[in-house]
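Taking it in order: structure first as structure tokens, then the write-up.
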Amino acid sequence: MLPPGILVWKSGDGDHVSPTTPSAIAEAHPTWAKDIATYGPWTETLVDERAGTFLIGPGVVDETVVVTGRCETTMTTARTLAEAGIIGEWGSVVSVEQVSARGQLRRPWVSSPGNLHASFVMPAASLQGAWASELANLRPLVAGFIFSTILQYLGANIQIKWPNDLLQFGRKVGGMLIEEKNGTVILGLGLNLVASPPDEKMREDRSVPAGILQIQNDLGGALALWQTLVSRGKSVYGILLDEFKPSRFLSNTLSRLAWLGQRVRVRDGGRDEYQAVVTGLSSKGGLVLAYEGKETILYSGSIYPI
853 MLPPGILVWK
863 SGDGDHVSPT
873 TPSAIAEAHP
883 TWAKDIATYG
893 PWTETLVDER
903 AGTFLIGPGV
913 VDETVVVTGR
923 CETTMTTART
933 LAEAGIIGEW
943 GSVVSVEQVS
953 ARGQLRRPWV
963 SSPGNLHASF
973 VMPAASLQGA
983 WASELANLRP
993 LVAGFIFSTI
1003 LQYLGANIQI
1013 KWPNDLLQFG
1023 RKVGGMLIEE
1033 KNGTVILGLG
1043 LNLVASPPDE
1053 KMREDRSVPA
1063 GILQIQNDLG
1073 GALALWQTLV
1083 SRGKSVYGIL
1093 LDEFKPSRFL
1103 SNTLSRLAWL
1113 GQRVRVRDGG
1123 RDEYQAVVTG
1133 LSSKGGLVLA
1143 YEGKETILYS
1153 GSIYPI
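All residue numbers for the sequence shown refer to our numbering, where the first residue is 853 and numbers rise by one.
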């Protein structure tokens, strides 16, 4: 198991993660150069026989953050390291660039250097208490609540677009993806920090246009922001599960839900596109809609503003 700290994966794994160095990462984008300088100097003091060679910075960090240059996806890399026992819960991977990134419904996700592309190992589900039977269903909303809470603290007013997007000023600035396999849950997060696809280059069936995240408190680049999101997210997560019941959590999340009380277009795959009003969240994390005078719950699909 890698120790807590910021570690550059110098050797990569040969197939899915390219070998890299701090200097190569710094050349990828000016914000990465700032992060590499902030967390350095880098020394080759750690060698894990299963994963190869790492460089570690001197800073004191409570979580393990593996930094890569180019990788297939951070989710694939995080899962590989987790299943090999190299990183544990809250251990994460942040990359300069992904070559096979994906979003909801496995749609391609543009991964420009300077933007945040990261994934971490989510803690195991609670086995007792009010969250025991609810956490698995509510994970996407919990993640959105945690990240929006921290970003709001940093000066960015964020809305949660059900089920897994982050909006600012009506534009999509980030997206999340959660995948569970063999009992290990990996959460991937992408945030547009320096670049976003222009409106004319986005697919015609997009829900909202893309945008670049605006933060009042400048922490640095993608690595600095990710370290803040993970460390503070761990605290928010603990407080949430210890002090909130799922019903109270859902009530609080409503204040951040995009288009609450508004009419939207709905595509759920089971019927023709229709219009409904967003009225709330169900106990299982579904989106509650008012449709033709009746309440219906959307568990899978997409919504579009009118």
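Backbone N, C-alpha and C fix where the C-beta goes; we use that ideal spot for every residue, glycine too.
Point to revise | For Gln1079, the three-state DSSP class (helix, strand or coil) | key: Of the three classes helix, strand and coil, the one that applies to Gln1079 here is helix, per DSSP.
Exercise for review: Would you mind giving the Cβ-Cβ distance between Gly1022 and Gly1042, rounded to the nearest angstrom? I have them listed as a contact below 8 Å.
Suggested key: Actually they do not touch by this definition, with Cβ atoms about 18 Å apart.
Point to revise | Proximity below 8 Å, CB of Ile998 to CB of Val1088 | key: For Ile998 and Val1088, yes; Cβs fall inside 8 Å.
**Study point:** Option nearest Thr925 by Cα separation, candidates Ile858, Asn1044, Glu935 and Val945
**Key:** Here the closest residue by C-alpha is Val945.
**Study point:** Ile1155 - partner residues in DSSP beta bridges
**Key:** In the DSSP output, where bridge partners are listed per residue, Ile1155 has Val1118.
Practice item. Would you list the one or two residues that DSSP bridges to Ile908? Key: Leu859 and Thr895, per the DSSP bridge assignment.
Practice item. Check Leu1141 in the structure and name its three-state DSSP category. Key: In the structure shown, Leu1141 sits in a strand (DSSP, three-state: E or B).
Review point. Does DSSP put Lys1033 in a helix, a strand or coil?
Key: Here Lys1033 sits in strand by DSSP.
Exercise for review: Could you pull out every unbroken alpha helix (DSSP H) segment of at least 4 residues lying fully inside the region 985-1044, listed in chain order?
Suggested key: Uninterrupted alpha helix (DSSP H) stretches at least 4 residues long and entirely within the region 985-1044 occur at 987-1005, given in chain order.
Check your understanding: Does the Cβ-Cβ distance between Ala1062 and Asn1034 come in under 8 Å?
Key -> In this structure, Asn1034 does not lie closer than 8 Å to Ala1062 by Cβ.
Practice item. Starting from Phe972, follow its DSSP beta bridges and name the residues at the other end. Key: Under the DSSP definition of a beta bridge, Phe972 partners with Ser944 and Leu1039.
Review point. Are Pro992 and Gly1137 closer than 8 Å when you measure CB to CB?
Key: Against a cut-off of 8 Å, the Cβ pair of Gly1137 and Pro992 comes out as a contact.
Review point. How would you call Ser947, buried or exposed, if buried means at least 16 neighbouring beta carbons within 10 angstroms?
Key: Here Ser947 is buried. Its C-beta has 16 or more other C-beta atoms within 10 Å.
Point to revise | Beta carbon of Ala885 nearer than 8 Å to that of Ala878 | key: Between Ala885 and Ala878, the C-beta spacing is below 8 Å.
Review point. Cα separation between Trp894 and Leu1081?
Key: In a straight line, the C-alpha of Trp894 is about 22 Å away from that of Leu1081.
Practice item. List the DSSP bridge partners of Thr926. Key: Answer is none; Thr926 lacks a bridge partner.
Review point. Alpha carbon to alpha carbon, what distance is there between Gln980 and Pro1098?
Key: Looking at the two C-alpha atoms, the distance is approximately 13 Å.
Review point. How many Å lie between Leu1018 and Lys1024 at the Cα?
Key: Their Cα atoms are separated by approximately 6 Å.
Exercise for review: Could you check if Lys862 is buried or exposed, using at least 16 other CB atoms within 10 Å of its CB as the buried criterion?
Suggested key: That one is buried.
Exercise for review: Closer than 8 Å by C-beta to Arg1084: which residues in its own chain qualify, once you throw out the five before and the five after it? Chain order, please.
Suggested key: Here the set comprises Ile1002 and Tyr1005.
Review point. Buried or exposed: Ile1012, going by 16 or more other Cβ atoms within 10 Å of its Cβ?
Key: Its Cβ being crowded by 16 or more others within 10 Å, Ile1012 is buried.
Point to revise | Between the CA atoms of Leu1092 and Phe1239 - distance to the nearest angstrom | key: Not covered by the structure: residue 1239. The range shown for the chain is 853 to 1158.
Review point. Between the C-alpha atoms of Leu957 and Trp983, what's the straight-line distance to the nearest angstrom?
Key: Reliability fails at Leu957, whose pLDDT of 46 lies under 50, so the model's placement of it is uncertain and no value is given.
**Study point:** Nearest to Gly943 (by Cα), restricted to the options Thr932, Ser870, Glu949 and Thr905
**Key:** Check the Cα spacing between Gly943 and each of Thr932, Ser870, Glu949 and Thr905: the tightest is with Thr932.
Exercise for review: Measure the C-alpha to C-alpha separation of Ile1067 and Gly1007 and round it to an integer number of angstroms.
Suggested key: Each residue's Cα considered, the two are about 5 Å apart.
**Study point:** Rounded straight-line distance, which links the Cα of Arg1119 to that of Tyr1151
**Key:** Rounded to the nearest angstrom, the two C-alpha atoms are 11 Å apart.
Check your understanding: Of the residues Gly996, His868 and Ala976, which one's Cα is nearest the Cα of Val1037?
Key -> Val1037 has its Cα closest to that of Ala976, out of Gly996, His868 and Ala976.
Review point. Which term fits Val994, buried or exposed, when burial requires 16 or more other beta carbons within 10 angstroms of its beta carbon?
Key: Under this definition Val994 is a buried residue.
**Study point:** Contact with chain C by Arg1023, beta-carbon distance below 8 Å
**Key:** Of the chains in the structure shown, none is chain C; there is only one protein chain.
Check your understanding: How would you call Glu1125, buried or exposed, if buried means at least 16 neighbouring beta carbons within 10 angstroms?
Key -> Exposed, because fewer than 16 other Cβ atoms sit within 10 Å of the Cβ of Glu1125.
Practice item. Output the distance between the C-alpha atoms of Asp914 and Trp1078, rounded to the nearest integer angstrom. Key: Going by the C-alpha atoms only, they are around 13 Å apart.
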